[in-house]
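>
Residue numbers (full-length UniProt numbering): 1 to 436.
The structure is reproduced here in structure tokens:
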């Protein structure tokens, strides 16, 4: 080839986005400027020049990327969306997705291309709603939807013919788990004849459900007659297999354990080891004791299987110590003497008083906190749920050899164990028993 004169440029640069003016020459003198034109699909970049100039170095000068791609308009895809990495310019690619309940028909992606001198998307797909097959038919019933086509989100409700009960969900709806195929949300219900027997509970009565015919999902509520304790559920429901669930409850008679024993009184007649609810036992005071004013000597079996009783319904008899009254009174539990050395400065023996009863692990007593207890007072213990009482359930306040108030021994214990759960009928089998 023939060498170029110093400073001349030859073939002008080629760009993907722009075209050089034609016709092209073999060489160009220094200072020659060529005006480029943006190719189809591109436009001038703001602030950039399409001019290319031959320099003394025999190189061409130019602004980089003086043409940029035209932008495609955002595509319209009803019931769907699109996403892209960078932009929507000529040559860009976007991906399509459909909303829940719709499936995509066509290509999942599209490219911004040149068509008839304009930039457009190669092909935009459609998002069409997902159909379901017709809902299943059922025997002795039908659904209420009058449509022939069933699509995503549509629901149908079933009804049974007269005399039949609907078992299962009455309404099902068209859904999807893959956004491709439609399916019904659950199986169709059944229409069955359900009849539960008229429920009767011995020693109990109904609070609701008084009819004699009971069909599916009818409920009945029970309670027990006075003197009986309900075991099981208070409410039962007629289920699809024509049975009551949970099973009918029972009403068991309430019993109290052995009669309470008091250090100051005894029963007027012998009784057995257990007594039914409402039983009343009468006591009379032992020698040396008299009935206390305003207190009853009758104990009653209560609905919680414990005995009710007034504490200290018998009190010790007061008698003179001597004719010169050097001391006033004594009771059967006190050794009395007319010797001055045995008489307290107050002129009478002090009252026998016990302080706080002993506490036991996993149990409690019926004594009042902060109270002093007179001689003969009885404290009854009971255990927390899950523990059983070992020993005598009660202790009483008595006088020791020095005339101090002390609690009788031994104190009961509450023992736990897998097979020692206190429930229901006899939570305090030995309630209020005391040591003489």
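Ideal Cβ placement from N, Cα and C applies to all residues, glycine included. Nothing here was measured: the structure is a model prediction, and the numbers come from that model.
#1: Mind checking residue 134: buried by the 16 CB within 10 Å criterion, or exposed?
#2: Please return the same chain residues whose Cβ sits closer than 7 Å to the Cβ of residue 100, not counting the five positions on each side in sequence.
#3: Report the rounded CA-to-CA distance for residue 393 versus residue 352, giving the unit in angstroms.
#4: Given the structure, does residue 11 come close to the ligand NAD, in the sense that its CB is under 7 Å from one of the ligand's heavy atoms?
#5: State the start and end residues of the unbroken beta strand (DSSP E) segment that holds residue 407.
#6: Which class does residue 217 belong to by DSSP, given the choice of helix, strand or coil?
#7: Between which two residues does the beta strand (DSSP E) harbouring residue 459 extend?
#8: Below 8 Å between beta carbons: does that hold for residue 281 and residue 378?
#9: If I measure Cβ to Cβ from residue 117 and keep anything under 7 Å in the same chain, skipping five residues before and after, which residues do I get?
#10: Can you list the beta strand (DSSP E) stretches of 3 or more residues lying completely in the segment 348–398, in chain order?
#11: Which residue wins for smallest C-alpha separation from residue 111, given the options 70, 210, 155?
#12: Determine whether the beta carbon atoms of residue 303 and residue 277 lie at a separation below 8 Å.
#13: With a threshold of 16 other CB atoms inside 10 Å of the CB of residue 249, please say whether the residue is buried or exposed.
#14: Which residue or residues does DSSP assign as beta-bridge partners of residue 35?
#15: What's the C-alpha gap between residue 169 and residue 188?
#16: Of the choices 161, 306, 316, 267, whose alpha-carbon is the least far from that of residue 291?
#17: Run through DSSP, which three-state label would residue 341 get?
#18: Pick helix, strand or coil for residue 152, following the three-state DSSP scheme.
#19: Can you give me the start and stop residues for the beta strand (DSSP E) that residue 273 sits inside?
#20: Considering only residues of the same chain and omitting the five flanking positions on each side of residue 502, which have a CB-CB separation below 6 Å?
#21: Please list the terminal residues of the continuous beta strand (DSSP E) segment that includes residue 208.
#22: For residue 195, does the count of other Cβ atoms within 10 angstroms reach 16, so buried, or fall short, so exposed?
#23: If I measure Cβ to Cβ from residue 186 and keep anything under 6 Å in the same chain, skipping five residues before and after, which residues do I get?
#24: Between which residues of its own chain and residue 255 is the CB-CB distance below 8 Å, once the five residues before and five after are set aside?
#25: Which whole-angstrom value is the C-beta distance of residue 37 and residue 18, which I expect to be below 8 Å?
The answer reads as follows:
#1: exposed
#2: 179
#3: 23 Å
#4: The ligand NAD is not among the ligands present in this structure, which contains no ligands whatsoever.
#5: 405–407
#6: coil
#7: A query on residue 459 cannot be resolved here, the shown segment of the chain reaching from 1 to 436 and no further.
#8: no
#9: 40
#10: 363–365, 378–383, 387–390
#11: 70
#12: yes
#13: buried
#14: 51
#15: 7 Å
#16: 316
#17: Below a pLDDT of 50, predicted positions are generally treated as unreliable, and residue 341, at 40, falls in that range; no measurement from the model is reported.
#18: coil
#19: That residue, residue 273, is in no beta strand (DSSP E); it is neither H nor E in DSSP.
#20: No statement about residue 502 is possible, as the shown extent of the chain runs from 1 to 436 and does not include it.
#21: 204–208
#22: exposed
#23: 169, 172
#24: 274, 275, 276, 277, 301, 305, 425, 426
#25: 6 Å
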